[in-house]
Amino acid sequence: MPPELILFYVFGAAAVVASVFVIGQRNPMYSVLLLIASFAALSGLYVLLDAPFVAVIQIIIYAGAVMVLFLFVVMLLNAPREEAAAVRVFGSPTTRRMGALLALTLLVELVWALSRAGQREVWVSGPPDRLPSAVGSVRAIGLALFRDYAFAFEVTSVLILVAMLGAVVLAKREL
Amino acid sequence: MPLTALMAVVPMICVTLTGIACMMAEAFRNRGERMPIGGLGVIGLAGAGIAAGALWGQNTTSFGVVQADNFGLFVTIVLVVIGLLTIAFSSQVLERDDVPSGEYYALTLFGLAGMILMATATDLLLIFLALEVLSLAVYVLTAIRRDSFAGAEAGFKYFLLGGFSSAFFLYGIAFAFGVTGSTRLDRIAAVLTSRAATEHPLMLVAMGLLLIGFGFKVSAVPFHMWTPDAYEGAPAVVAGFMSTGVKAAAFAAFARVFLSTLEPMRAAWMPALSAIAIATMILGTMVGVAQTGLKRMLAYSSIAHGGYLLVALVSGNEIGKAAILFYLLVYGLTNVGAFAIVALAGTRERGNDSLTDYAGLWHRHPTLATLMTIFLLSLGGFPPTAGFVAKWYVFSAAVGSGDYLLAIIGVLTSVVSVFFYLRVVVMMYMAEGAAEVSRPIVGPVAALALAVSAILIFYLGILPAQVMTLAADSIATIF
Numbered sequence: 590m591p592p593e594l595i596l597f598y599v600f601g602a603a604a605v606v607a608s609v610f611v612i613g614q615r616n617p618m619y620s621v622l623l624l625i626a627s628f629a630a631l632s633g634l635y636v637l638l639d640a641p642f643v644a645v646i647q648i649i650i651y652a653g654a655v656m657v658l659f660l661f662v663v664m665l666l667n668a669p670r671e672e673a674a675a676v677r678v679f680g681s682p683t684t685r686r687m688g689a690l691l692a693l694t695l696l697v698e699l700v701w702a703l704s705r706a707g708q709r710e711v712w713v714s715g716p717p718d719r720l721p722s723a724v725g726s727v728r729a730i731g732l733a734l735f736r737d738y739a740f741a742f743e744v745t746s747v748l749i750l751v752a753m754l755g756a757v758v759l760a761k762r763e764l
Numbered sequence: 020m021p022l023t024a025l026m027a028v029v030p031m032i033c034v035t036l037t038g039i040a041c042m043m044a045e046a047f048r049n050r051g052e053r054m055p056i057g058g059l060g061v062i063g064l065a066g067a068g069i070a071a072g073a074l075w076g077q078n079t080t081s082f083g084v085v086q087a088d089n090f091g092l093f094v095t096i097v098l099v100v101i102g103l104l105t106i107a108f109s110s111q112v113l114e115r116d117d118v119p120s121g122e123y124y125a126l127t128l129f130g131l132a133g134m135i136l137m138a139t140a141t142d143l144l145l146i147f148l149a150l151e152v153l154s155l156a157v158y159v160l161t162a163i164r165r166d167s168f169a170g171a172e173a174g175f176k177y178f179l180l181g182g183f184s185s186a187f188f189l190y191g192i193a194f195a196f197g198v199t200g201s202t203r204l205d206r207i208a209a210v211l212t213s214r215a216a217t218e219h220p221l222m223l224v225a226m227g228l229l230l231i232g233f234g235f236k237v238s239a240v241p242f243h244m245w246t247p248d249a250y251e252g253a254p255a256v257v258a259g260f261m262s263t264g265v266k267a268a269a270f271a272a273f274a275r276v277f278l279s280t281l282e283p284m285r286a287a288w289m290p291a292l293s294a295i296a297i298a299t300m301i302l303g304t305m306v307g308v309a310q311t312g313l314k315r316m317l318a319y320s321s322i323a324h325g326g327y328l329l330v331a332l333v334s335g336n337e338i339g340k341a342a343i344l345f346y347l348l349v350y351g352l353t354n355v356g357a358f359a360i361v362a363l364a365g366t367r368e369r370g371n372d373s374l375t376d377y378a379g380l381w382h383r384h385p386t387l388a389t390l391m392t393i394f395l396l397s398l399g400g401f402p403p404t405a406g407f408v409a410k411w412y413v414f415s416a417a418v419g420s421g422d423y424l425l426a427i428i429g430v431l432t433s434v435v436s437v438f439f440y441l442r443v444v445v446m447m448y449m450a451e452g453a454a455e456v457s458r459p460i461v462g463p464v465a466a467l468a469l470a471v472s473a474i475l476i477f478y479l480g481i482l483p484a485q486v487m488t489l490a491a492d493s494i495a496t497i498f
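In C-alpha cells form, the structure reads like this:
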C-alpha cells in the first residue's frame, strides 16, 4: 500500500470519527474541541490533494478563528451541558430511527455511486479545457476567485452583510 | 470591461443599493424621528422594475453567469410586484407591532435582491449564493418581532432546517462539478449530451441532492415540515412575502436547472418529481382541511399550490412552462393579499389568527371581508378569478403531456381545498363575531394595495391572454 493511501485512510478515519463524536457529545465544549480535530484531519486531506494553501487556510480560519469564536460563545452562554429537554426537540425515537434509516440509505447510495463511477468514462470529449490544474497554489486560487468567480465573490459580500444585519437585529433588544 | 456588460445585474444592484440605503437611513435616524424608509424601498423596486422592462428582449449576459433573459425578467417583475405589495402592507403593521422598520425594510430588500439574482443566475454556485442571501434574510424576518416567542422559535426551526437543506444543495453542486468540471449551467448542459454522462451514477446523485435542495425551498412534501411552523410564527406580512417571493425565486431556478440543463436526464427525475407533486398536492390539501388557524391553513394551502406548480414543471411542455410563470404571478398577488388581511385583522396583543376570529368580519368591516373573499376564491380556483385560469393552464398542460394521473389528482385536491377556503368565507358572513375582536383599521396605502391586487386578480381572471402570451414569449428564450 503506498504511503499516501495509508495517510488518506488515517486522515479520513480521523475526520469521520471526530465528526461522529461531535454530535454524540452532551457537553458542547467537547463538541467544539472535537470539531477542531475534525478540521485538522480535513486539512491533512487537502495536503494529500496537493492543495497546501487550502490546508493552511483551513487551519488558520476554521480551526483558529472560527472555533475560538465558537468557544467564546459556548462559554458566554454558560451552557456546560445540553438540557435533557433540548434533546427531545429532535423528535421521538421513531422519528430518530427513521432519520437514521434515511441517512443510511443516502450513505449506501453514495457508496454505490462512487464505486460505480470509477468504471465509467467521465468526460464526454476529454476533460474541459480549463480544469483547475493546481488548485492549491495561491496564484491559481486568486485567478479563480477574481476572474472566473468574480461576481460570485462580490455576491458573497452581500451575503455577509445580510448575516451581519440579521445578527444585529436578533441580538439587540433596545438600541 | 464595457459598462454595458453590467446591464444584466442592474435590477439586482438597484434593490441591493436601496437595501443599503435603508440600513444607513435607520442608522442616522434620531430616536423617535419618523422616516418614510419604506418609500426608499419603493424607489429601488420601481428602478428594478423599469430596468427589467428596459432589458426585455435583449437577452444580455453579465460576467457569463447572470443572464437577463425574458424568463428571468418575467420572474423579476413578479418579485418586484410582490415586494411593492409587501412594503405597502408592512407600512401599516410595523409600527403597531414594534418592529424595527429600517432593519425590516433592509432585510426585505436584500431578500428580494437574492430572489432576483436566483431567478437570473445561470451558474449553480451563484444560485446557491442567491439562495443563501434570500434565506438568511427570511430567517431573520421570521423572528423579527422582539416580543414574540413563537416568532423566535419559528425562525430558529426554519434556520436549522434551511441550513440542513442548503448542505444537500451544495453537496449536489459539488457532485455536478465533479462529473462535468463546471458549475455553469451552459457547460454542464454541454457535457450532458451523451448517455455516458446522463446515466453517470454521480450525476444521478447530484440531481437527487439538487432536487432535495429545491424541494425544501418550494416546500414540497416530504421536505415541507418547516412550512406551517415558520408561517405561523412569522408576522403575517412576512409569511405572505416568503410564501410567494421565495417560491417564485426557487421555482424560477428549479425550472431553469431541471427543464433546461438537466432536461436530458428527464427519464431519471420525472418519476421522482411526479411522486413528489402528487404527495405535495394531497398532503397540503388533506392536512389543510384540519387546520383551525388561518395562518397554518394558508401554509398548507401554500404547500398544495407548490404541488400544482410542480405539475406544470413535470409536464414540461410549452404551456406548462408558461403556466409556471403565470401561476407565480397570480399566486403572488393572491397570497400576499390574503396574508395582508390576516395582518390587518390582528392587533399587537392578539394575532386574531384563529378561524373563529373571522366570524362576523362582514359586519365589522364589509370591504375587508369582500376582499378576503376574492383572495380566498382565487386561491380555491373559482372563475372568474385569476386562480381559476392559472389552475386551468396547469391542468391542461398536464393533460397535454399525457400526465392524466397528475391532472386528475390536481383537480380533485382543488375541489377538496375549496372546502377550507369556503369555510372561512362562511365564517365571515354567517357567523356572529366574538365581542373581544375589534374592528380592523385599514390605512390608505394598504387599502390601495389591496384594491390593486383585487383588480389585477379579476383582470387576469377575465383577460389572461395578454399576460399569458407574454409568459409564453419569455420561456421561448431559454427552453
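For the protein sequence lines, the chains are A and B, in the order given.
When the letters of the first sequence are read in order and numbered with our numbering, they come out as residues 590 to 764.
When the letters of the second sequence are read in order and numbered with our numbering, they come out as residues 20 to 498.
By construction, the Cβ of each residue, glycine as well, lies at the ideal position given by its N, Cα and C atoms.
Cβ of A/Val744 within 8 Å of any chain B Cβ = yes
inquiry  = Measuring straight from C-alpha to C-alpha, what distance separates B/Ile497 and B/Phe90?
reply    = 7 Å
query = CB B/Ile297 to CB B/Ile428, shorter than 8 Å?
reply = Cβ distance < 8 Å, so B/Ile297 and B/Ile428 count as in contact.
ask   = Counting Cβ pairs closer than 8 Å, one from the region 391-406 of chain B and one from the region 470-480 of chain B, do we hit at least three?
value = yes
task = May I ask which residues mark the beginning and end of the alpha helix (DSSP H) holding B/Gln111?
result = Asn89 to Arg115
ask   = Looking at the structure shown, is B/Phe200 part of a helix, part of a strand, or coil, going by DSSP?
value = The residue asked about is misnamed: residue 200 of chain B is Gly in this sequence, not Phe. Of the three classes helix, strand and coil, the one that applies to B/Gly200 here is coil, per DSSP.
query = CB-CB under 7 Å to B/Asp88, same chain, minus the five flanking residues each way: which ones, in chain order?
reply = Asn78, Thr496 and Ile497
ask   = Does the distance from the CB of B/Leu204 to the CB of B/Thr80 come in under 8 Å?
value = In this structure, B/Thr80 does not lie closer than 8 Å to B/Leu204 by Cβ.
task = Could you tell me how far apart the beta carbons of B/Pro283 and B/Thr217 are, in whole angstroms, since I believe they sit closer than 8 Å?
result = 5 Å
key: Residues that A/Gly601 contacts on chain B, provided the C-beta gap is smaller than 8 Å   = Per Cβ cutoff of 8 Å: no residues; A/Gly601 is ~17 Å from chain B at best.
message = On a Cα-Cα basis, can you pick out the residue from B/Leu36, B/Cys41, B/Pro119 and B/Met134 that is closest to B/Ala268?
response = B/Met134
task = Look at the alpha carbon of B/Ser120 and the alpha carbon of B/Gly356, and state the distance between them as a whole number of angstroms.
result = 20 Å
message = Using a Cβ distance threshold of 8 Å, determine whether the region 377-397 of chain B contacts the region 415-422 of chain B, with at least three qualifying pairs required.
response = no
Proximity test, Cβ basis, 8 Å: A/Val713 and chain B = Its pLDDT being 48, under 50, A/Val713 is placed unreliably in this model, and the coordinates cannot settle the point.
query = Which runs of the alpha helix (DSSP H) spanning at least 4 residues fall entirely within the region 249-312 of chain B, listed in chain order?
reply = 255-260, 266-274 and 285-308
inquiry  = Taking its Cβ as the centre, do 16 or more other Cβ atoms sit within 10 Å of A/Pro592, making it buried, or is it exposed?
reply    = exposed
task = For B/Tyr377, count neighbouring Cβ atoms within 10 angstroms of its own Cβ and tell me buried if that reaches 16, exposed if not.
result = buried
key: Residues in the region 134-159 of chain B having any Cβ partner in chain A nearer than 8 Å   = When CB distances to chain A are screened at a threshold of 8 Å, the residues of the region 134-159 of chain B falling below it are Leu136, Asp142, Leu144, Leu145, Leu148, Ala149, Glu151, Val152, Leu155, Ala156, Tyr158 and Val159, in chain order.
inquiry  = Give me the chain B residues within the contact set of A/Phe740, using Cβ-Cβ distance strictly less than 8 Å, ordered along the chain.
reply    = Val28, Ser81, Phe82, Val84, Val85 and Leu145
message = Strictly below 8 Å CB to CB, what residues from chain A border B/Phe129?
response = Val747, Leu750, Val751 and Leu754
task = Give, in chain order, every unbroken run of the alpha helix (DSSP H) that is at least 4 residues long and sits entirely within the region 110-158 of chain B.
result = 120-139
request  = Identify whether B/Val418 lies in helix, strand or coil by the three-state DSSP scheme.
outcome  = helix
message = So that I know if they touch, is there some Cβ in chain A lying closer than 8 Å to that of B/Leu221?
response = Chain A contact via Cβ: present.
ask   = Does the region 450-464 of chain B come within contact of the region 337-352 of chain B, defined as at least 3 CB pairs closer than 8 Å?
value = no
Chain A residues whose Cβ lies nearer than 8 Å to that of B/Ile106 = What B/Ile106 touches in chain A: nothing, since even the nearest Cβ is about 17 Å away.
ask   = How is B/Thr212 classed by DSSP in three states: helix, strand or coil?
value = coil
inquiry  = If distances are taken between C-alpha atoms only, which option among B/Ile295, B/Gly312 and B/Glu337 comes closest to B/His324?
reply    = B/Ile295
Where A/Ser714 falls: helix, strand or coil (DSSP) = Confidence at A/Ser714 is low in this model, with a pLDDT of 48, below 50, so its placement is unreliable and the value that follows should be read with caution. Three-state result, A/Ser714: coil.
task = Consider the Cβ of A/Leu638: report whether some Cβ of chain E lies at a distance smaller than 8 Å.
result = Absent here is chain E; the protein component of the structure consists of chains A and B.
key: Touch test, the region 39-51 of chain B against the region 143-161 of chain B, Cβ-Cβ under 8 Å, three pairs minimum   = In short, these stretches do not touch, since the Cβ pair count stays below three.
key: DSSP-derived helix/strand/coil call for A/Met590   = coil
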